[in-house]
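If you read the sequence shown in our numbering, its first letter stands for residue 488, the second for the next number, and so on.
Data first, discussion second: the structure below is written as structure tokens.
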Amino acid sequence: MRHHSPLSDRYFSLTELARYAGLSRRTLQNYLVHPSHPLPFFKIGGKILVRQSDFDAWAAQFKVVRPAVDFGGLVDEIVSGLK
């Protein structure tokens, strides 16, 4: 079981999260209610808070992994198309 220290898994306001994530506050607000990928949040006394670990896990689903490009095969394909 992982234990987080208070500083390693803090709660961000949307303004703080915007700075952390490099996204606008408005974009984050839209993600709170996104139909297929809602950003998890807490609403306490009218204030919206997002836990850093929740944001990091949520953002990981958008990671783009591109396959390595086979340049030799690509060149061969282009050259064979020129013949």
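Beta carbons are placed, not taken as given, at the ideal position from N, Cα and C, and that holds for glycine.
Quantities reported herein were computed from a predicted structural model and do not represent experimental measurements.
| query | result |
| --- | --- |
| What do you reckon, are the CB atoms on Arg497 and Ala505 nearer than 7 Å? | no |
| Less than 8 Å between the CB atoms is what I'm expecting for Leu536 and Phe529, so what's the real figure, rounded? | 5 Å |
| Do Leu510 and Leu501 have their C-beta atoms within less than 7 Å of each other? | no |
| In the DSSP assignment, find the alpha helix (DSSP H) that holds Ser495 and state where it starts and stops. | Segment: none, Ser495 is in no alpha helix (DSSP H) and carries neither H nor E. |
| Can you round the beta-carbon distance between Phe499 and Gln539 to whole angstroms, since I take them to be within the 8 Å contact cut? | 6 Å |
| Buried or exposed for Phe558, going by 16 or more other Cβ atoms inside 10 Å? | exposed |
| Which value, in whole angstroms, describes the spacing of the CA atoms of Glu564 and Ala546? | 37 Å |
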